[in-house]
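In the numbering used here, the protein residues as written are 10 to 637. Working notes, structure below.
This is the structure we're talking about:
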């Protein structure tokens, strides 16, 4: 009985299993028949079932304009062609359609269309006419898997003007250098989005927008730069570089009272034909500081703030200011000055031999006597001198906060060597940027008050509201009396018997200082033979300064700042005084800016009268060959 019962139970389970399988088979067969026999319109309906798609709408990047509203950078909206290879149905056919429109090889496109993954750029930023033709093919379902996305191209209409200042953006519109990087968050805006219905073949459904969030464009940067003056300074500096065969040059023009930078130029020349790879006298195995290859564009630097140098005699401002403040000298003091002296066994000397003579302090500064300056410095001591440099901001941030800005180097007096009391006051053993030097002289020009340099006048938001970027408040660093005395002393440099008569401007009082300094080896002690920087820094009109400027040339011939930098200062300041209607007494007459007739840019030291070299020849503003 038990055996028969078990057999009966087994038969029932087998029967149930067979019946279930048969029912499942019949259901699947019925579905197959149903789909096969359905009308084409119904199948198409399934294929065209709607799904939601959300895309990001990039915000328009803000514009950059000069102080008078001239555009320096703006963005143009263009479409880019992208593919989802998983949705591409016929790579060969689609590549054949895309090839003539995009100007790309058919095989190249096909290879992109069969890549794994779901996103591939085919071509970025195509012209509007091309994108319109592509959109028509997409709408006609001839390019499944192909989509156009909106992107933007950054345009610099006055390129290469002020490249090192303005900076650059990367492929995706993000700032990577200069002001583009520093103010990226203000310029980039806020992206929007759109959600809409599409078919399974990625075709937009008419009137299928579900939601839309508009993008908020970026803010506009209104700079302090005057693009017309910037261009003129670039031309004059480039011309001097051609004549003096300098490998680099920097120039900055500033508004004395506000610290607004009107022009900021960084130039570098490619190696001259026949230049030896290793300079004469170079130590065995060493690498020349200027012999490296050119850097890629994203490494372009603003030499006014991102490159340091030993400034030479322009550093004497610190010693003379401190001496006046501590009553070590008066403007009429005199010293018995030899042409050389020894400190801790090291010989220091003036630029030119001369008999021991009585020199007023105006002559010591005007003729840039190293020995006279050292004699004054010895009366002050290393701590007072260092404090004077620090008050002028050497070894500190200028407050400009420009990307890559360096603070330079100011030696701690506790670590001074035995010879430092001779070297530091005359501009050796410290490193500064050209902008730090200009800030110092601008403070003297401004009655002893230091103002923070500025490149951005205001940020204009999309709603029209203007924001003034934060700037450190003005700070008095020397008394008004001492500043006035220093301005008078600096006039001596521009007199006929000074070091910079070439800086003179007809009808105007000019004050300033020359600097000629040796270039140290980059990684070895000592200095490179025959390699110098030449500098002139000053302001005008001397009695009521309105504009200040610095000009620095890298390895010029002749080497002296009074021969190479002073003439450039004279030319650019002559132009600026006329452009802004600045009278010899410092009053501004009429509305600025004015159209200035062409002013000769032949250097006053015997230029050959040739036309300006193109900025491509000179290397372009901001093009720097040597590594940071």
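Just so it is clear, CB atoms sit at the ideal spot from N, CA and C, and this is done for glycine as well.
Euclidean distance between Cα positions of residue i and residue j
i	j	result
residue 3	residue 115	Since the first residue shown for the chain is 10 and the last is 637, residue 3 is missing from the structure and cannot be characterised.
residue 63	residue 230	32 angstroms
residue 98	residue 219	28 angstroms
residue 86	residue 68	10 angstroms
residue 245	residue 255	13 angstroms
residue 228	residue 388	54 angstroms
residue 240	residue 401	30 angstroms
residue 481	residue 336	30 angstroms
residue 531	residue 270	30 angstroms
residue 168	residue 81	8 angstroms
residue 599	residue 385	45 angstroms
residue 217	residue 74	40 angstroms
residue 498	residue 327	13 angstroms
residue 139	residue 76	37 angstroms
residue 285	residue 568	Low local confidence applies: a pLDDT of 36 at residue 285 is under 50, so the model's placement there is unreliable, and no value is given.
residue 458	residue 266	9 angstroms
residue 425	residue 409	30 angstroms
residue 414	residue 485	24 angstroms
residue 468	residue 315	24 angstroms
Distance between beta carbons of residue j and residue i, contact taken as under 8 angstroms
i	j	result
residue 503	residue 543	About 16 angstroms separates the two Cβ atoms, so there is no contact after all.
residue 545	residue 512	6 angstroms
residue 560	residue 313	Actually they are not in contact, since the Cβ atoms of residue 560 and residue 313 sit about 11 angstroms apart, beyond 8 angstroms.
residue 446	residue 262	Wrong, their Cβ atoms sit about 14 angstroms apart, outside the cutoff.
residue 651	residue 514	The structure shown does not extend to residue 651, since the chain spans only 10 to 637, so no value can be given for it.
residue 453	residue 417	Incorrect: roughly 19 angstroms between the Cβ atoms, too far for contact.
residue 349	residue 358	4 angstroms
In DSSP terms, what residue i is bridged to
i	result
residue 536	529
residue 553	DSSP lists no partner for residue 553.
residue 130	91
residue 80	74
residue 209	The partner list for residue 209 (beta bridge, DSSP) is empty, contrary to what the question assumes.
residue 404	None; residue 404 has no bridge partner.
residue 264	556
residue 258	276 and 562
residue 113	None; residue 113 has no bridge partner.
residue 8	Only positions 10 to 637 of the chain appear in the structure, and residue 8 is not among them; the question remains open.
residue 86	161
residue 203	64 and 221
residue 517	514
residue 523	545
Cutoff 7 angstroms; reference residue i; Cβ partners in own chain excluding five residues on either side
i	result
residue 106	146, 151 and 152
residue 623	The pLDDT assigned to residue 623 is 30, lower than 50, so where the model puts this residue is not dependable; a value taken from the coordinates is nonetheless given after this. No residues qualify anywhere along the chain.
residue 330	397, 487, 491 and 495
residue 90	111, 131, 132, 135, 143, 155 and 157
residue 550	517, 518, 593, 594 and 595
residue 368	343, 344, 346, 378 and 381
residue 294	Confidence at residue 294 is low in this model, with a pLDDT of 36, below 50, so the placement of that residue should be treated as unreliable; the coordinate-derived value is given next. Answer for residue 294: no residue qualifies.
residue 366	346
Cutoff 6 angstroms; reference residue i; Cβ partners in own chain excluding five residues on either side
i	result
residue 201	66, 222, 223 and 224
residue 242	260, 272, 274 and 581
residue 395	422
residue 100	119, 122 and 123
residue 428	352, 353 and 355
residue 405	416
residue 500	520 and 551
Contact set for residue i: own chain, Cβ-Cβ below 8 angstroms, skip 5 residues either direction
i	result
residue 214	59, 205, 206, 207 and 208
residue 177	163, 184, 185, 186, 187, 189, 306, 307 and 309
residue 42	Per-residue confidence for residue 42 stands at a pLDDT of 49, beneath the threshold of 50, marking its modelled position as unreliable; the derived number appears in the next sentence. Nothing listed; no residue qualifies.
residue 182	67, 70, 84, 160, 161, 163 and 197
residue 439	319, 320, 324, 398, 403, 404, 417, 418, 419, 420 and 433
residue 456	489, 492 and 493
Please go through the segment 303-378 and give each complete alpha helix (DSSP H) segment of 4 or more residues, from N-terminal end onward.
List check, alpha helix (DSSP H) in window: 312-315, 325-334 and 370-375.
4-residue-minimum alpha helix (DSSP H) runs that sit fully inside the segment 475-507, ordered along the chain
489-499, all fully within the segment 475-507.
Quick check on the DSSP output: what are the complete beta strand (DSSP E) runs of length 3 or more inside the segment 128-176, in order along the chain?
List check, beta strand (DSSP E) in window: 129-135 and 155-164.
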